[in-house]
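Worksheet: the structure to be examined is printed underneath.
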Amino acid sequence: MVQVVLPNDANPLGFILGGTVMHLIDIAGAIASHRHTRTLLVTAAVDGLQFLHPIKVGDLIILHARVNAVWSTSLEVEVEVFSEETLTGVRRMTSRAYLTFVAVDRDGHRLPVPGLILDNEDDRRRAAEADQRRAERLRARRSLEERGSTDRS
Ligand SMILES: CC(C)(COP(=O)(O)OP(=O)(O)OC[C@H]1O[C@@H](n2cnc3c(N)ncnc32)[C@H](O)[C@@H]1OP(=O)(O)O)[C@@H](O)C(=O)NCCC(=O)NCCS
Numbered sequence: 118m119v120q121v122v123l124p125n126d127a128n129p130l131g132f133i134l135g136g137t138v139m140h141l142i143d144i145a146g147a148i149a150s151h152r153h154t155r156t157l158l159v160t161a162a163v164d165g166l167q168f169l170h171p172i173k174v175g176d177l178i179i180l181h182a183r184v185n186a187v188w189s190t191s192l193e194v195e196v197e198v199f200s201e202e203t204l205t206g207v208r209r210m211t212s213r214a215y216l217t218f219v220a221v222d223r224d225g226h227r228l229p230v231p232g233l234i235l236d237n238e239d240d241r242r243r244a245a246e247a248d249q250r251r252a253e254r255l256r257a258r259r260s261l262e263e264r265g266s267t268d269r270s
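Here the sequence shown stands for residues 118 to 270, where the numbers follow this note's numbering.
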C-alpha cells in the first residue's frame, strides 16, 4: 500500500501522526489477511510498535504486509512500514508490526482459516518465529484477563 503523507495526516512538526500510521498498519494487515482467508476478520492483537524515524508531509508511506503463519481460526500478519522521500527516492524502514486476526462470520462465530503453503526456508523460519510470538501473546492475554478480574473484585 502506498500513500502520500498530506498535511491533514500530520502533527504540528509536519510528521505523520502515530495514530495514522497505526490505522494504515491495521488496514494493510487486514487486506493481506482477507486475501488469504476470504472471510470477515477481527483484530485480536497488535504487538509492541516502535517508530524509528519520522515521516514528513510530502513523503510516501509504503506498507508491505505478508501472512507469516496460520493456526485454527487465527493468523499472524507482518507489516513493514517504509518512508520514501519523493525527490530523492531514499527509503527507510520506520516500523515493523505483527498483528493477529481472527476469522469470523457475520454473527461473530469463529471460522477455520485456510492452510499456508511454506515452500522455502524463509517461509518456515517466519512461521516458526510466529509460533513463539503467539505463545507470548496468549500469555500476555491471560495475564491481562487475570488482572482485569482482580481489579473488578
Ligand atoms: C479476538 C476474539 C474473536 C477472540 O475470541 P475468543 O472467544 O476469546 O476466542 P479464543 O480465545 O477461543 O481464541 C480464538 C482464536 O484467536 C486467537 N487469539 C485470541 N486472542 C488472541 C491474542 N490476544 N493474541 C493472539 N491470538 C489470540 C486464539 O489463539 C485462537 O486462535 P486459533 O483458533 O487459531 O487457535 C475476541 O476476543 C474478540 O472479538 N475481540 C475483539 C475484537 C475486536 O473488536 N477487535 C477490534 C479492536 S478492539
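Where is the CB? At the ideal position from N, CA and C, for every residue including glycine.
- Message: With a threshold of 8 Å between beta carbons, is L158 in contact with chain C?
- Response: Considering every chain present, this structure includes no chain C. It has just one protein chain.
- Message: Is the separation between the beta-carbon of L157 and that of D222 shorter than 8 Å?
- Response: The residue given as residue 157 occupies position 40 in the sequence shown. The residue given as residue 222 occupies position 105 in the sequence shown. Yes, the pair counts as a contact, with Cβ atoms nearer than the cut-off.
- Same chain, Cβ closer than 6 Å to R208, five either side skipped, listed in chain order: Numbered from 1 along the sequence shown, position 91 holds the residue referred to as residue 208. Cβ within range, chain order: F199 and E201.
- Task: Figure out for me which residue from V187, G165 and L166 has the closest Cα to the Cα of R241.
- Result: Counting from 1 along the sequence shown, the entry for residue 241 is found at position 124. Minimum Cα distance to R241 is reached at V187.
- Message: Given this structure, state the Cα-to-Cα distance separating V93 from E262, to the nearest angstrom.
- Response: Only positions 118 to 270 of the chain appear in this structure, which leaves residue 93 out of reach.
- Task: Mind checking who R183 pairs with in its DSSP beta bridge?
- Result: If you number the sequence shown from 1, residue 183 lands on position 66. Paired residue(s): E195.
- Any chance the CB of R158 is under 7 Å from a heavy atom of ligand 1? Along the sequence shown, read from residue 1 onward, the residue named residue 158 stands at position 41. Looking at the sequence shown, residue 158 is not Arg but Leu. Incorrect: L158 has no Cβ contact closer than 7 Å to ligand 1.
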